[in-house]
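Residue numbers (the UniProt record's numbering), protein chains in the order written: chain A, 1 to 237; chain B, 1 to 237. Cβ atoms here follow ideal geometry from the backbone N, Cα and C, with glycine treated the same way. Bear in mind the structure is a predicted one, so any value in this text is a computation, not a measurement. Notes to accompany the following structure.
Number of protein chains: 2
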Amino acid sequence: MPRHVSCNDCSLSPICLPLAVAPSQLDELDGIIRRGRPLKRGEHLFRAAAPFSAVYAVRSGSLKTYVLSDEGEEQVTGFYLPGEIVGMDGISTAHHVSNAKALETATVCEIPFHRLEDLSQRIPSLQHHFFSLMSNEIRADRELHMLLSKKSADDRVASLLLSLAARQQRRGLSSRRFRLPMSRYDIANYLGLAVETVSRIFTRFQQQDMLLVDGRDVEIVDREALCGGGRLHTEAP
Amino acid sequence: MPRHVSCNDCSLSPICLPLAVAPSQLDELDGIIRRGRPLKRGEHLFRAAAPFSAVYAVRSGSLKTYVLSDEGEEQVTGFYLPGEIVGMDGISTAHHVSNAKALETATVCEIPFHRLEDLSQRIPSLQHHFFSLMSNEIRADRELHMLLSKKSADDRVASLLLSLAARQQRRGLSSRRFRLPMSRYDIANYLGLAVETVSRIFTRFQQQDMLLVDGRDVEIVDREALCGGGRLHTEAP
DNA sequence: CGAGTGTTTGATGTAAGTCAAAATAAGTGG
DNA sequence: CCACTTATTTTGACTTACATCAAACACTCG
Numbered sequence: 001m002p003r004h005v006s007c008n009d010c011s012l013s014p015i016c017l018p019l020a021v022a023p024s025q026l027d028e029l030d031g032i033i034r035r036g037r038p039l040k041r042g043e044h045l046f047r048a049a050a051p052f053s054a055v056y057a058v059r060s061g062s063l064k065t066y067v068l069s070d071e072g073e074e075q076v077t078g079f080y081l082p083g084e085i086v087g088m089d090g091i092s093t094a095h096h097v098s099n100a101k102a103l104e105t106a107t108v109c110e111i112p113f114h115r116l117e118d119l120s121q122r123i124p125s126l127q128h129h130f131f132s133l134m135s136n137e138i139r140a141d142r143e144l145h146m147l148l149s150k151k152s153a154d155d156r157v158a159s160l161l162l163s164l165a166a167r168q169q170r171r172g173l174s175s176r177r178f179r180l181p182m183s184r185y186d187i188a189n190y191l192g193l194a195v196e197t198v199s200r201i202f203t204r205f206q207q208q209d210m211l212l213v214d215g216r217d218v219e220i221v222d223r224e225a226l227c228g229g230g231r232l233h234t235e236a237p
Numbered sequence: 001m002p003r004h005v006s007c008n009d010c011s012l013s014p015i016c017l018p019l020a021v022a023p024s025q026l027d028e029l030d031g032i033i034r035r036g037r038p039l040k041r042g043e044h045l046f047r048a049a050a051p052f053s054a055v056y057a058v059r060s061g062s063l064k065t066y067v068l069s070d071e072g073e074e075q076v077t078g079f080y081l082p083g084e085i086v087g088m089d090g091i092s093t094a095h096h097v098s099n100a101k102a103l104e105t106a107t108v109c110e111i112p113f114h115r116l117e118d119l120s121q122r123i124p125s126l127q128h129h130f131f132s133l134m135s136n137e138i139r140a141d142r143e144l145h146m147l148l149s150k151k152s153a154d155d156r157v158a159s160l161l162l163s164l165a166a167r168q169q170r171r172g173l174s175s176r177r178f179r180l181p182m183s184r185y186d187i188a189n190y191l192g193l194a195v196e197t198v199s200r201i202f203t204r205f206q207q208q209d210m211l212l213v214d215g216r217d218v219e220i221v222d223r224e225a226l227c228g229g230g231r232l233h234t235e236a237p
């Protein structure tokens, strides 16, 4: 992938920020974006407490965000795939509150936030889109809240798989077969489960012919069953 | 409380939207705000799937937001106290995704969202403040995520009590003694616990001289111990 | 090719859920 | 204002889903 592809030429533009900007104004957006060198697996994009100055659009690869509790234990708070925006939780505090780390080789577009704010003053649709993006993030968090507080371990894993599948689809990729960018440990941590539990659920889903698993490669065989929350083809009473 | 108090005269203005608007422009903000009749306990401010047209600033009383799962079970997603903004999760979808219900008699200021967007185009600090507000919401959700996926029932209840205390303080009220606007059921639901568990924890906190509880009236006796997550005065190893 | 992660599988423990029922509080209509 | 109904809260006995502990088994990558 070329280092200095412009928004104009970027294949992600239909699902990224450019979708909110008229073609005639796209150069203005393009002008404030800084394309960085690729991050290697394990490298940090930003760390908690570092000054907040920008949000980032993932161009390739993937990242996870996490926070450390007072006791130093890690909590994975999100996974970010190409076309998604990471770093929006730092806006209110002037410093980042989470850490962002590459799960694999990844490239991001850096969008200096104060310049994005300036631009949003002149491009109403961009302001609106950014409000929407943040609102989406809030909505996703509410769903996660439900997942963590009400749903079984099976439901949680199924739900994450379906979310990843949907996000693949949005990029025009297969929603049936894909490679998980994150470890079982990260999945478990994100979903509030033990690694062993996640591993057992993957094998069980496979035994129940809902999923084909080969390490990090997964194929969703029975989408309906997964939607039904892991409970295999149960009928309502 | 008078029906048509303006932002100028509202005691909440230092912690509400007006804090982001210069006094000279406050009338413009004031002009788009609609003050509704009080909501009675149990009345809905908005319902999921209803068209989204506004966000709301709580002026008095309190509300909870909740979503219903496919199976019809309720998940409480948040509590909103005076000075706080409710309804921001509907921005991206053009319809509300959650329900908002008054926990007690409550009054709100309705802020038509498209007019707020227009105003934000002209008042940069208002745009920034609104980005901040949403970012704050995201950050709070991340903390909740940690709470739900890593922390014990004790920690969760303690954490909610401390959050409510902090929000009391922001309004200039006592952070030691206050009245819980929500039922044990709502607390349990919000924190992903059973009602019985919450009730037991309240009594235990009282036995451990951390809390004084009389129905919904609480007094935080040992703030440190609560911060320490319910684990009574544990030292770091 | 060996050291170090990451993943799977099995055996056992426990925090918190569920079920049941009493005690208390909050409405509500006569 | 009081009797009655309906919600909310508390307490106790029992159950369970998932965590934890332990150990073998793959990758992968210097």
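C-beta neighbour in chain A for residue i, strict 7 Å
| i | result |
| --- | --- |
| Thr197/B | no |
| residue 242/B | Residue 242/B falls outside the range modelled here, since chain B spans only 1 to 237, and no answer is possible. |
| Leu19/B | no |
| Gly192/B | yes |
| Gln121/B | yes |
| Cys227/B | no |
| Met1/B | Its pLDDT being 47, under 50, Met1/B is placed unreliably in this model, and the value from its coordinates should be taken loosely. Not an interface residue. |
Same chain, Cβ closer than 6 Å to residue i, five either side skipped, listed in chain order
| i | result |
| --- | --- |
| Arg47/A | Asn99 |
| Phe52/B | Gly90, Ala94, His95, His96 |
| Ala54/A | Glu110, Ile111, Pro112, Phe113 |
| Phe178/A | Gln168 |
| Ile33/A | Cys109, Ile111 |
Interface residues of chain B facing residue i [CB-CB closer than 7 Å]
| i | result |
| --- | --- |
| Thr77/A | Arg142, His145 |
| Ile91/A | Phe131, Ser132, Ser135 |
| Ser98/A | Arg142 |
Beta carbon proximity, residue i to chain B, threshold 7 Å
| i | result |
| --- | --- |
| Pro124/A | yes |
| Arg115/A | no |
| Phe131/A | yes |
| Ser149/A | yes |
| Met182/A | no |
| Leu232/A | Residue confidence for Leu232/A is low, a pLDDT of 40 falling below 50, so the modelled location carries little weight and cannot support an answer. |
| Val108/A | no |
| Arg139/A | yes |
| Gly86/A | The question names Gly, but residue 86/A in the sequence shown is Val. By this cut-off, Val86/A is not an interface position. |
| Pro237/A | Any answer about Pro237/A is weak, because its pLDDT of 30 lies below 50 and its placement is not dependable; what the coordinates show is given next. False, the Cβ-Cβ gap to chain B never drops below 7 Å. |
Own chain, CB closer than 8 Å to residue i, minus 5 neighbours either side, in chain order
| i | result |
| --- | --- |
| Tyr80/B | Val58, Ser62, Leu63, Lys64, Thr65, Val86, Ala100 |
| residue 246/A | Residue 246/A falls outside the range modelled here, since chain A spans only 1 to 237, and no answer is possible. |
Beta-carbon contacts of residue i that lie in its chain and below 7 Å, excluding the five residues immediately before and after
| i | result |
| --- | --- |
| Pro18/A | Cys7, Leu26, Leu29 |
| Asp209/A | Val221, Asp222 |
| Ser199/A | Arg184 |
| Asp186/B | Lys64, Val76 |
| Met134/A | Met88 |
Residue i versus residue j - alpha carbon distance
| i | j | result |
| --- | --- | --- |
| Asp222/A | Thr203/A | 15 Å |
| Leu147/A | Arg156/A | 6 Å |
| Ser13/B | Gly215/A | 55 Å |
| Thr197/B | Gly78/B | 20 Å |
| Leu161/A | Leu226/A | 9 Å |
| Ser174/A | His4/B | 55 Å |
| Arg170/A | Ile15/A | 8 Å |
| Ala165/A | Gly192/A | 20 Å |
| Gly172/B | Ser11/B | 10 Å |
| Lys151/B | Tyr56/B | 32 Å |
| Asn189/A | Glu224/A | 26 Å |
| Leu144/A | Glu73/B | 15 Å |
| Leu119/B | Gln127/A | 12 Å |
| Leu68/B | Gln121/B | 35 Å |
| Ser24/B | Asp217/B | 41 Å |
| Ser149/A | Ile201/B | 17 Å |
C-beta atoms of residue i and residue j nearer than 7 Å
| i | j | result |
| --- | --- | --- |
| Ala50/B | His114/B | no |
| Arg176/A | Asp89/B | no |
| Pro181/B | Leu103/B | yes |
| Leu212/B | Phe205/B | no |
| Thr105/A | Lys40/A | yes |
| Asp9/B | Asp141/A | no |
| Ser132/B | Ser92/A | yes |
Chain A residues whose Cβ lies nearer than 7 Å to that of residue i
| i | result |
| --- | --- |
| Val218/B | Ordered by position in chain A, no residue passes the 7 Å Cβ test against Val218/B, which lies about 22 Å from the chain. |
Under 9 Å by beta carbon: chain A residues contacting residue i
| i | result |
| --- | --- |
| Ser69/B | Met146, Lys150, Lys151 |
Contact list for residue i against chain B, beta-carbon separation under 8 Å
| i | result |
| --- | --- |
| Gln127/A | Glu117, Ser120, Gln121, Gln127 |
| Glu73/A | Lys150 |
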